[in-house]
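**Q** One structure coming up, written as structure tokens, with questions to follow.
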Amino acid sequence: MYTLLRLIQKLIGALNSDGTPAQVGAGIAVGTIFGLTPLVNLHNLLALILVLLFRVSLPAVTLGWLVSIPFGFALDPLFDGIGNSILDLPVLESTLRTITNTPILALTNVNNSVVLGSVVVWIVSVLPMYALARWGVALYRRTIYARVRQTKFYRAVRASKVYNVYRLFRPEL
Amino acid sequence: MITRLFRWTAIVPLSLLLLLLVVLWLLYVDRFVQHTVEDYGADLVGARVDVERADLRLGEGRVSLSGLAVANPDSPMRNLLEAREVVADIRMQPLLTKKLVVQEIAIRGLRFGTERSTSGALDPPNPSSGRLMREIAEWREALRIPPLNLGSLGKVINVAGIAADSLESIRLARATLAFADSARREWESRLVALNPAPTIDTARVLIDRLQSANPLRLGVTGTAQLITSSRQVLTGMTQLRSGLAQLDSSVQSGLQTLGGTVRQFDAARDRDYRYARSLLRLPSFEAPDLSLAIFGEAAAARLTSVLYWFRRAEDVLPPGLQPRRFLGPKRARRPGTTVTFPKPGEYPRFLLEQAEFDFSLEGAGAAAGNYVGSLAGVTTAPALYGRPMVATVAKSGGPASVGNVTVRAVVDHTGSVVRDSLRAVIERIQLPVLTLPRIGVQLALGQGTNQLSLQREAGRLSGHWMWKSDEISWTRLTTGDSLVVQGVEPRIRDLLWRTVSSVRTADIDIGISGSVSRPELDIRSNVGREIVQSFRAELGREIARAEREVRAEVDRLVAPRVAEVRQRVANIEGDIAQRIGVDRERVAELRGELEVALRRWAMR
Numbered sequence: 037m038y039t040l041l042r043l044i045q046k047l048i049g050a051l052n053s054d055g056t057p058a059q060v061g062a063g064i065a066v067g068t069i070f071g072l073t074p075l076v077n078l079h080n081l082l083a084l085i086l087v088l089l090f091r092v093s094l095p096a097v098t099l100g101w102l103v104s105i106p107f108g109f110a111l112d113p114l115f116d117g118i119g120n121s122i123l124d125l126p127v128l129e130s131t132l133r134t135i136t137n138t139p140i141l142a143l144t145n146v147n148n149s150v151v152l153g154s155v156v157v158w159i160v161s162v163l164p165m166y167a168l169a170r171w172g173v174a175l176y177r178r179t180i181y182a183r184v185r186q187t188k189f190y191r192a193v194r195a196s197k198v199y200n201v202y203r204l205f206r207p208e209l
Numbered sequence: 244m245i246t247r248l249f250r251w252t253a254i255v256p257l258s259l260l261l262l263l264l265v266v267l268w269l270l271y272v273d274r275f276v277q278h279t280v281e282d283y284g285a286d287l288v289g290a291r292v293d294v295e296r297a298d299l300r301l302g303e304g305r306v307s308l309s310g311l312a313v314a315n316p317d318s319p320m321r322n323l324l325e326a327r328e329v330v331a332d333i334r335m336q337p338l339l340t341k342k343l344v345v346q347e348i349a350i351r352g353l354r355f356g357t358e359r360s361t362s363g364a365l366d367p368p369n370p371s372s373g374r375l376m377r378e379i380a381e382w383r384e385a386l387r388i389p390p391l392n393l394g395s396l397g398k399v400i401n402v403a404g405i406a407a408d409s410l411e412s413i414r415l416a417r418a419t420l421a422f423a424d425s426a427r428r429e430w431e432s433r434l435v436a437l438n439p440a441p442t443i444d445t446a447r448v449l450i451d452r453l454q455s456a457n458p459l460r461l462g463v464t465g466t467a468q469l470i471t472s473s474r475q476v477l478t479g480m481t482q483l484r485s486g487l488a489q490l491d492s493s494v495q496s497g498l499q500t501l502g503g504t505v506r507q508f509d510a511a512r513d514r515d516y517r518y519a520r521s522l523l524r525l526p527s528f529e530a531p532d533l534s535l536a537i538f539g540e541a542a543a544a545r546l547t548s549v550l551y552w553f554r555r556a557e558d559v560l561p562p563g564l565q566p567r568r569f570l571g572p573k574r575a576r577r578p579g580t581t582v583t584f585p586k587p588g589e590y591p592r593f594l595l596e597q598a599e600f601d602f603s604l605e606g607a608g609a610a611a612g613n614y615v616g617s618l619a620g621v622t623t624a625p626a627l628y629g630r631p632m633v634a635t636v637a638k639s640g641g642p643a644s645v646g647n648v649t650v651r652a653v654v655d656h657t658g659s660v661v662r663d664s665l666r667a668v669i670e671r672i673q674l675p676v677l678t679l680p681r682i683g684v685q686l687a688l689g690q691g692t693n694q695l696s697l698q699r700e701a702g703r704l705s706g707h708w709m710w711k712s713d714e715i716s717w718t719r720l721t722t723g724d725s726l727v728v729q730g731v732e733p734r735i736r737d738l739l740w741r742t743v744s745s746v747r748t749a750d751i752d753i754g755i756s757g758s759v760s761r762p763e764l765d766i767r768s769n770v771g772r773e774i775v776q777s778f779r780a781e782l783g784r785e786i787a788r789a790e791r792e793v794r795a796e797v798d799r800l801v802a803p804r805v806a807e808v809r810q811r812v813a814n815i816e817g818d819i820a821q822r823i824g825v826d827r828e829r830v831a832e833l834r835g836e837l838e839v840a841l842r843r844w845a846m847r
């Protein structure tokens, strides 16, 4: 119950008031990397460190992650195809040979078709996603949020104790 | 700006998170190693590899595995090998490039062929090993093992099965008759068209006139008419002579063709004898053929696992430095394809530099004793390592009665041409029990020498597998297990049993040659030779009688048709050819007489 409540808090908070639309948009865009690409990989650890260190909205990261998980599974065949195509490019063979034989870099698993394909798709789409999310959040706050914040449910969630814990990670406005 | 960009308050939670990751690593690394070994091993072997417990000590660069069990891909309810403990010293630096380099490995408590409580088959099966298994099964299906048919021996020979239509001589006779009839019709119509009789009669009349005619009495007009008539007759005779010559040439050519066809009848009849004999399925009683017929299936069954490992070695230890593709790691998401890019001067994805092991086979059996073995250069990229894989096993001690054991395998995939060799000599080992349904017996080879020598160069395979024993025993198969009893007389079965059961030693040599994917077998054995000799002595007369009956039946069917063909050809020769010859002679004769008569008449 506690976890569920906290999750709802995060998601609502992300959309509503925690952080600027740019921070929320960046959080959503970066968060999608956890859902679109296979989770247990070095690039995701790097992404986690970056989102913790930089002032992006963590609830938005969670939102981006959760929303993108089904897309990740659904798009796996596409990622596989793109990754295989890239891995087969003769022009990249030398680069891939170097990466996969360099300490630490080899742990990134870029020689796996799904990892490589999904990371490439994410890199290509991160800026459009950021712009779209930023615009969407701003629009939401201007239109829907004004009405949602008047509901009893929203006030109940905002008044709960766990909200204080969550605030530790809330980006400053 | 930096202050606004960074979330300094996250440093502590981030540190805690990283600490948590380290703790999780320490807690689960052993399980990770265990699963990695199981997954890699299964990929390598093509069957399940189970590890009870793994222990990774990064500080010491050491991995210990307990309870390692490697299932046999050929027989999933048995283990290929089982080891109580495996301790490996690994190089740490290659781990940062996801490479496992094992410097040394020590294996203790090694056992072979132990039974499993669960199946060791992979689900889903490894695509590569599954493909290999299918190809080898297809090879076994398609292997040409000659039949050993004893069913017709001792029986009344049923010659009714020889159909006239299936005999080549009959077909040839029909075709020849058709040709002869058609040619005869054509020649006769051409002869009728030439119609030599009027021309010949006219010539005769003209000759008579020339002999009796006097130019002074005929006058100018009469003489001119006689000369014109003479020219016309001469022209007609020339045309007739030319037509008859052409027709004669055509007839002679046709008769030559027919004569050639008639001469083919002897060869066609020989082929018909062989064909008819094959319908009876009499055994050939050639010793090498018989050995292949008797032992072919049993040898192929035992060769499948050897072929599997020979071909699997190429998949696991591929030559060259081309990128290699593997199925990606197991996870909730699609595994995808992982491509490795071998780089000269770097370590391969997996390398076992040196392994030493020893094991004891307990019990009172002939194989009991202590063994030592070594394994070097096992790698996923032999071209990077630059040295062939070498595996050896030898007996180091045991009861004095126990024989020598030497096994040496060299897998050289360092160059573009694959060169593998395997030589194994195992003395006084328990040899297999061979079920030989074609001769209705089971042969327990007992203790003896098992010697395997196999070489592969590129796609060609050659070698020998020999089983030698002087402690063999025979068991007669019951009716249900034996193929030989189907349609074979009891007398023949008894003879077969008496023959094989009197053989006290076995010397079986399985020759292997040809392509790696579809090798041919050539088997020689003293058992095959004994059976041949025995059957030749006992059944020689019977086989000769069967062959005589078959020949007589073929002759009965073929002879009338051949005689008919010969008669028809003789008729053509005696009739139309003779007529043409007579006409040609008469035309030539009359033309000569006409010319003489003309000369005489002109001189008057």
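Sequences listed follow chains A and B, in order. Taking the numbering used here, the leading residue of the first sequence gets 37, the next gets one more, and so forth. Taking the numbering used here, the leading residue of the second sequence gets 244, the next gets one more, and so forth. Where is the CB? At the ideal position from N, CA and C, for every residue including glycine. Since the model is a prediction, treat every value here as computed from it, not as a measurement.
Quick one: what does DSSP say residue 707 of chain B is sitting in, helix, strand or coil?
**A** Three-state DSSP puts residue 707 of chain B in a strand.
**Q** Which value, in whole angstroms, describes the spacing of the CA atoms of residue 282 of chain B and residue 77 of chain A?
**A** Cα-Cα distance, rounded: 18 Å.
**Q** Going residue by residue through the segment 306-381 of chain B, where are the continuous beta strand (DSSP E) segments of at least 3 residues, counting only ones entirely within it?
**A** Runs found: 322-333 and 343-355.
**Q** On the DSSP bridge list, what partners appear for residue 766 of chain B?
**A** Paired residues: B/753.
**Q** Going by DSSP, what residue range makes up the beta strand (DSSP E) through residue 493 of chain B?
**A** Element bounds for residue 493 of chain B: not the beta strand (DSSP E) but the alpha helix (DSSP H), 458-506.
**Q** Taking the C-alpha atoms as reference points, what is the distance between residue 82 of chain A and residue 763 of chain B?
**A** Rounded to whole angstroms, residue 82 of chain A to residue 763 of chain B spans 58 Å at the Cα level.
**Q** Is residue 571 of chain B near residue 563 of chain B, with beta carbons less than 9 Å apart?
**A** No, Cβ-Cβ distance for residue 571 of chain B and residue 563 of chain B is not below 9 Å.
**Q** Should residue 140 of chain A be flagged as near chain B, meaning a C-beta pair shorter than 9 Å?
**A** Yes, its Cβ sits closer than 9 Å to a Cβ of chain B.
**Q** Taking the alpha carbon of residue 334 of chain B as the reference point, which residue from B/422, B/454, B/370 and B/595 has its own alpha carbon closest?
**A** Among B/422, B/454, B/370 and B/595, the Cα nearest to that of residue 334 of chain B is on B/595.
**Q** Hey, is residue 106 of chain A's beta-carbon within less than 9 Å of any beta-carbon in chain B?
**A** For residue 106 of chain A, the answer is no, since every Cβ of chain B falls outside 9 Å of its Cβ.
**Q** Taking the CB atoms as reference points, tell me whether residue 185 of chain A and residue 57 of chain A lie closer together than 9 Å.
**A** The answer is no: Cβ separation not under 9 Å.
**Q** How about residue 14 of chain A: is its C-beta nearer than 9 Å to some C-beta of chain B?
**A** Any property of residue 14 of chain A remains undetermined from this structure, which presents chain A solely from 37 to 209.
**Q** Identify the continuous alpha helix (DSSP H) that holds residue 80 of chain A and give its terminal residues.
**A** That run of the alpha helix (DSSP H) goes 78-89.
**Q** Taking the alpha carbon of residue 754 of chain B as the point to measure from, which residue in B/768, B/273 and B/430 has its own alpha carbon closest?
**A** Residue B/768 is the option with its Cα nearest to residue 754 of chain B.
**Q** Run the CB neighbour count on residue 249 of chain B, radius 10 Å, all protein chains shown included, and call it buried at 16 or more, exposed below.
**A** Its Cβ having fewer than 16 others within 10 Å, residue 249 of chain B is exposed.
**Q** Would you please verify whether the beta carbon of residue 98 of chain A is less than 9 Å from any beta carbon of chain B?
**A** For residue 98 of chain A, the answer is no, since every Cβ of chain B falls outside 9 Å of its Cβ.
**Q** Under three-state DSSP, which class holds residue 599 of chain B?
**A** Three-state DSSP puts residue 599 of chain B in a strand.
**Q** Would you say residue 490 of chain B and residue 804 of chain B are within 9 Å of each other, going by their C-beta atoms?
**A** No. Outside cutoff.
**Q** Using a C-beta to C-beta distance shorter than 9 Å, which residues of chain A count as neighbours of residue 249 of chain B?
**A** Neighbours of residue 249 of chain B on chain A, chain order: 89, 90 and 91.
**Q** Of all the residues that make up the segment 101-134 of chain A, which are near chain B by a beta-carbon distance shorter than 8 Å?
**A** Within the segment 101-134 of chain A, the residues whose Cβ lies closer than 8 Å to some Cβ of chain B are 108, 109, 112, 113, 115, 116, 119, 120, 123, 129, 132, 133 and 134, listed in chain order.
**Q** Alpha carbons only, please: which of B/748, B/703, B/706 and B/661 is nearest the one belonging to residue 686 of chain B?
**A** Nearest of B/748, B/703, B/706 and B/661 to residue 686 of chain B, Cα basis: B/748.
**Q** Output yes or no for whether 9 Å exceeds the beta carbon distance between residue 55 of chain A and residue 166 of chain A.
**A** No; because the gap between Cβ atoms is not below 9 Å, this pair is not in contact.
**Q** Closer than 9 Å, Cβ to any Cβ of chain A: which residues of the segment 563-585 of chain B, in chain order?
**A** Cβ contacts with chain A come from 566, 568, 571, 572, 574, 575, 576, 577, 578, 579, 580, 581, 582, 583, 584 and 585.
**Q** Looking at the strands, I want to know which residues DSSP matches up with residue 300 of chain B.
**A** Partner(s): B/305.
**Q** Taking all protein chains shown into account, decide if residue 799 of chain B is buried (16 or more other Cβ within 10 angstroms of its Cβ) or exposed.
**A** Exposed, because fewer than 16 other Cβ atoms sit within 10 Å of the Cβ of residue 799 of chain B.
**Q** For residue 139 of chain A, count the other beta carbons within 10 Å of its own beta carbon; 16 or more makes it buried, fewer makes it exposed. Which is it?
**A** Result: exposed.
**Q** So residue 680 of chain B contacts chain A; which residues on that side make the cut at Cβ distance below 8 Å?
**A** Those do not exist, as residue 680 of chain B stays about 50 Å from chain A at its closest Cβ, beyond 8 Å.
**Q** Nearest by alpha-carbon distance to residue 797 of chain B: which of B/639, B/382, B/621 and B/413 is it?
**A** The residue with the shortest Cα to Cα distance from residue 797 of chain B is B/413.
**Q** Could you give the DSSP three-state label for residue 726 of chain B: helix, strand or coil?
**A** At residue 726 of chain B the pLDDT is 47, less than 50, meaning the model places this residue with poor confidence and gives no usable figure here.
**Q** So if DSSP puts residue 62 of chain A in a beta bridge, which residue, or which two residues, is it bridged to?
**A** Residue 62 of chain A pairs with nothing; no bridge assigned.
**Q** Out of B/258, B/342 and B/368, which one is the CA nearest neighbour of residue 289 of chain B?
**A** Checked all of B/258, B/342 and B/368; the closest Cα to residue 289 of chain B is B/368.
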